[in-house]
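Note that the numbering used here has the first sequence beginning at 115, numbered continuously upward.
Using N, Cα and C, we set each Cβ at its ideal position, and we do this for glycine too.
Reviewing the structure listed below.
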Amino acid sequence: MKYDFSAIEKKWQDIWEARNVFAASDDYSKPKYYALVEFPYPSGQGLHVGHPRSYTALDIVARKRRLQGYNVLYPMGWDAFGLPTENYAIKNHIHPEIVTKQNVARFKSQLKSLGLSFDWNREINTTDPSYYKWTQWIFLQLFKKGLAYKKEMSVNWCTGCKVVLANEEVVNGVCERCGSEVVHRVKSQWMLKITEYAQRLIDDLDQVNYIERVKTSQRNWIGRSTGAQVDFGTTAGDTLTVFTTRPDTLFGATYMVIAPEHPYIQKWADRIQNMDAVKAYQEEAARKSDFERTELVKDKTGVMLEGVRGINPVNGKEIPIFISDYVLVTYGTGAIMAVPAHDTRDWEFAKKFGLPIIEVVKGGNVEQEAFTDCATGVMVNSGFLDGLSVEEAKVKIVDWLKEQGKGEPKVNYKLRDWVFSRQRYWGEPIPIIHCDHCGFVPVDESELPVRLPEVESYEPTGDGDSPLSAIDSWVNVTCPKCGRPAKRETDTMPQWAGSSWYFLRYCDPHNDKALASKEALNYWMPVDWYNGGMEHTTLHVLYSRFWHKFLYDIGVVNTPEPYAKRTSHGMILGENGEKMSKSRGNVVNPDDIIKEFGADTLRLYEMFIGDFEKAAPWSQSSIKGCKRFLERVYNLLEMRGAGDGYSKELESSFHKTIKKVSEDIEQLKFNTAIAAMMSLTNDIYSQGKVTDQELKTFILLLNPFAPHLTEEMWEQCGFGGMVTQQSWPEFDPAKCQDAQVEIVAQFCGKIKARLMVDADSSKEALLEAVKSCPEMKSLLEGKTIVKEVVVPGKLVNIVAK
RNA sequence: GCCGCUGUGGUGGAAUCGGCAGACACACAAGACUUAAAAUCUUGGGAUGGCAACAUCGUACGGGUUCAAGUCCCGUCAGCGGCACCA
115 MKYDFSAIEK
125 KWQDIWEARN
135 VFAASDDYSK
145 PKYYALVEFP
155 YPSGQGLHVG
165 HPRSYTALDI
175 VARKRRLQGY
185 NVLYPMGWDA
195 FGLPTENYAI
205 KNHIHPEIVT
215 KQNVARFKSQ
225 LKSLGLSFDW
235 NREINTTDPS
245 YYKWTQWIFL
255 QLFKKGLAYK
265 KEMSVNWCTG
275 CKVVLANEEV
285 VNGVCERCGS
295 EVVHRVKSQW
305 MLKITEYAQR
315 LIDDLDQVNY
325 IERVKTSQRN
335 WIGRSTGAQV
345 DFGTTAGDTL
355 TVFTTRPDTL
365 FGATYMVIAP
375 EHPYIQKWAD
385 RIQNMDAVKA
395 YQEEAARKSD
405 FERTELVKDK
415 TGVMLEGVRG
425 INPVNGKEIP
435 IFISDYVLVT
445 YGTGAIMAVP
455 AHDTRDWEFA
465 KKFGLPIIEV
475 VKGGNVEQEA
485 FTDCATGVMV
495 NSGFLDGLSV
505 EEAKVKIVDW
515 LKEQGKGEPK
525 VNYKLRDWVF
535 SRQRYWGEPI
545 PIIHCDHCGF
555 VPVDESELPV
565 RLPEVESYEP
575 TGDGDSPLSA
585 IDSWVNVTCP
595 KCGRPAKRET
605 DTMPQWAGSS
615 WYFLRYCDPH
625 NDKALASKEA
635 LNYWMPVDWY
645 NGGMEHTTLH
655 VLYSRFWHKF
665 LYDIGVVNTP
675 EPYAKRTSHG
685 MILGENGEKM
695 SKSRGNVVNP
705 DDIIKEFGAD
715 TLRLYEMFIG
725 DFEKAAPWSQ
735 SSIKGCKRFL
745 ERVYNLLEMR
755 GAGDGYSKEL
765 ESSFHKTIKK
775 VSEDIEQLKF
785 NTAIAAMMSL
795 TNDIYSQGKV
805 TDQELKTFIL
815 LLNPFAPHLT
825 EEMWEQCGFG
835 GMVTQQSWPE
845 FDPAKCQDAQ
855 VEIVAQFCGK
865 IKARLMVDAD
875 SSKEALLEAV
885 KSCPEMKSLL
895 EGKTIVKEVV
905 VPGKLVNIVA
915 K
């Protein structure tokens, strides 16, 4: 029988669509399961073979859950705002909305050809005004709670995209998206106070089931460090506060450093005698791009402030103050106490500038290098701290500082507030009006959405403002508060805005009264299983957790965390083991694969290719093996024979396979689940016949992986109904066990024989069986047994001399 | 530099708790079918020595613990990913 995959796949895709088989029901009395994959950015290139890896994996989970009786929500949509579409629009003078429409249509037909069981009734699009209405609404709530604010600040400016970037979007000093140089620019920007949630974003990781590397990355990114804030006096009379994680080394502080942008420099301008040199250094630091700054990490530079000195609160000693760009104005207090003996950076700086190095923790050679080990050292040259361990000294000095009113314990985070403004067209307009009298006034909620106006050109203006700023009729409005002339905010939101809450909209996608109804949210949330790329760990996943927590705080959602479980798939690489890209010429188009091998084969291959969490190279020849397997499965129909239930020969194989496939799917071990089904097929082939019960079970197990073929087989067998209406097979643990098992007989740890024994043999019986087998008998002849090890069902090891 | 992960045949990869290394596939080779090829089916295979039974070696490298180590411990090397002047 020929396996005509094209006809079979088309047939069942049409049936599924016509019968609306995969629609999530609004019957909230059933147990629910919410499976989610990251919705794609509909790029002009169409679907990549990487996309189906994630989509198929959770499609398997979703299909299995339906068979297990759950009301399953497995939705899909489009994260369609963003730069590539806008750039394409600029180049080709086509409205981004039209470009988006075309790309979405292509993506959608490609996804449908994969037989993914998405509920297309709940399709969403972040560029749809009825969707971004609620993105804007959330922004307004953030604004009203003081979590959105505008700030004049130095921002990351991408010289290629001509747009402001969030810290998360700058990778090694260049733009994450286009690779262009990123420089600093001072601009007034909308910011979101994600830092206010830093501690909760760390703490609540304990409540969720994320794979460990995602948790670690998030913790590292948030970068919590505990220490103390210490007030140093200055000869100018001002207090200079520093943050340190090593307050124990206070006696070793031989100088101080402040960031080039530190406000005290201006304040002390009259006292600083070498202001020219200081100013020159400040200008130089400002000019450096992020890239140059990271490149020049090793070479410490700086200028000493002449005319102002710091005073160490612990001993009253005067010490010099430097400015240097190795101290960042955005972290801590923008000022540090430098302890060259016990900090590598301070040590390098001190060596270069010939500053004293005072050892206060014994254990290293501080003339050779900084001694930074906290665990073993003992305090010296530190007055009342002498003799204490580092940990004891930390406690004691902080207590002392508190008593003296010169310091207190302090926690700092590397996480910065989220730069939320983009000077671009193709994004959600920020719904704020600038009034000279009233300041920033939120657009009234009844006026939402603030729609994107038609413009002539999508190019940003020369001064870096959004193209929206050129549309006078849109910009000029009256102030909602006082009625005077006012102007709209012309910045738009970053791409991450729409994706920060999209999973909520799926719960109730057509609601025009709220972002989703309370009932729908209470029922569907949290997402039970969310799979996506590692690259979104510190961007999308962190941002959406932040928004979700905020929505929780204002009572919109009822769970503090959006995702109960988060997993991540590895990339699919080109055949040469490199990342797939147009320029490398190693891109595989899923359409071609579906045409040549069929969607079921592509799905199966992507799941069989290797460890789901690791990167795997594409192999055009391996895919043939998956096709061959499906053909063999289809040909099982010709082996259909008489007999009820499972045949004696295959009963335990079936129970074992049900167990293996059921468990492997839950642990992302799709490759071994498929291997188990291949083995079972080989077993059936060697029997030469298959019963109806066996066929039914096999079809059900394979269905989540190869849904079209299995539906077709089910129908051809005349089993009645559709596979999607059946129940997931159950296994009997008792029947997973064979009556007889092979055990290994070892002599001094080396295998000498294998023998079949009853599975329930006692230890004594096993030992006796092994001792009496001919191979062991001759080996044991005339020797004294030293040790006997018996592992039931596995082996017996006899050590003798 | 710091943190995390990984290292197994010609290839992708298997191997709950330490208990038969190499499941399942790809590629390869031989055979069957065929005028022939493709497809399909059957068989084979870690390496070395041996006709063979068998022996020795073998999970990046060097040590260790153990009756028994891919798995645990110490050290080294290589690759990948993240963070990176965060005080």
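Under the three-pair Cβ rule at 8 Å, the region 447-464 counts as touching the region 364-381. A direct Cα-to-Cα measurement between residue 768 and residue 234 gives close to 35 Å. Here residue 498 is exposed, its C-beta having fewer than 16 other C-beta atoms within 10 Å. Within the DSSP bridge table, the entry for residue 605 names no partner. At the C-beta level, residue 686 and residue 732 come within 8 Å of one another. Residue 427 sits away from residue 351, with the two beta carbons spaced by 8 Å or more.
With 16 or more other Cβ atoms inside 10 Å of its own Cβ, residue 779 counts as buried.
Separation of residue 237 and residue 298 (C-alpha to C-alpha, rounded to the nearest whole angstrom) is 39 Å. Between residue 189 and residue 717, the gap from beta carbon to beta carbon reaches 8 Å or more. By the criterion of a C-beta distance shorter than 7 Å, residue 642 is surrounded in its chain by 147, 148, 149, 678, 679, once the five residues flanking it on both sides are discounted. For residue 276, the CB contacts under 8 Å within the same chain, skipping 5 residues up- and downstream, are 537, 574, 578 in chain order. Within the region 548-607, the beta strand (DSSP E) runs of at least 3 residues that lie entirely inside it are, in chain order, 553-556, 590-592, 599-602. Unbroken beta strand (DSSP E) stretches of 3 residues or longer found wholly inside the region 644-720: 679-682, given in chain order. A Cβ-Cβ contact shorter than 8 Å links residue 437 with residue 372. Around the CB of residue 602, 16 or more other CB atoms lie within 10 Å, so the residue is classed as buried.
In this structure, the CA atom of residue 569 is about 15 Å from the CA atom of residue 213. Ranking 222, 248, 194, 251 by CA distance to the CA of residue 239 puts 194 first. The C-beta distance from residue 562 to residue 543 rounds to 10 Å, too long to meet the 8 Å contact threshold. Here residue 298 carries a strand assignment [DSSP, helix/strand/coil]. With fewer than three CB-CB distances shorter than 8 Å, the region 322-336 does not count as touching the region 508-515. At a cut-off of 4 residues, the continuous stretches assigned as alpha helix (DSSP H) that sit fully inside the region 726-755 are 736-748.
Judged by DSSP in its simplified three-state form, residue 208 adopts coil rather than helix or strand. Contact holds between the region 758-776 and the region 803-812, because three or more Cβ pairs, one in each stretch, are under 8 Å apart. For residue 126, the enclosing alpha helix (DSSP H) has its first and last residue at 119-133. For residue 213, the three-state secondary structure derived from DSSP is helix.
The three-state reading of DSSP puts residue 793 in helix, counting H, G and I together. Pairing residue 448 with residue 418, the inter-Cα distance amounts to about 16 Å. Assignment of residue 265 by DSSP, reduced to helix, strand and coil, places it in the strand class. Taking a cut-off of 8 Å for Cβ pairs, the region 788-802 and the region 743-756 touch, as three or more such pairs fall below it. Here the C-alpha atom of residue 776 lies approximately 40 Å from the C-alpha atom of residue 196.
Put simply, the backbone Cα of residue 671 is about 29 Å away from that of residue 781. Within the same chain, Cβ atoms closer than 7 Å to the Cβ of residue 636 are found at 672, the five residues on either side in sequence being excluded.
The residue among 170, 376, 231, 208 with its C-alpha nearest the C-alpha of residue 138 is 231. Runs of the beta strand (DSSP E) lying entirely within the region 297-351, each at least 3 residues long, are 338-348 in chain order.
Burial state of residue 217 is buried, judged by a 10 Å Cβ sphere holding 16 or more other Cβ atoms.
Below 8 Å, too few C-beta pairs join the region 835-855 and the region 783-797 to call them touching: fewer than three.
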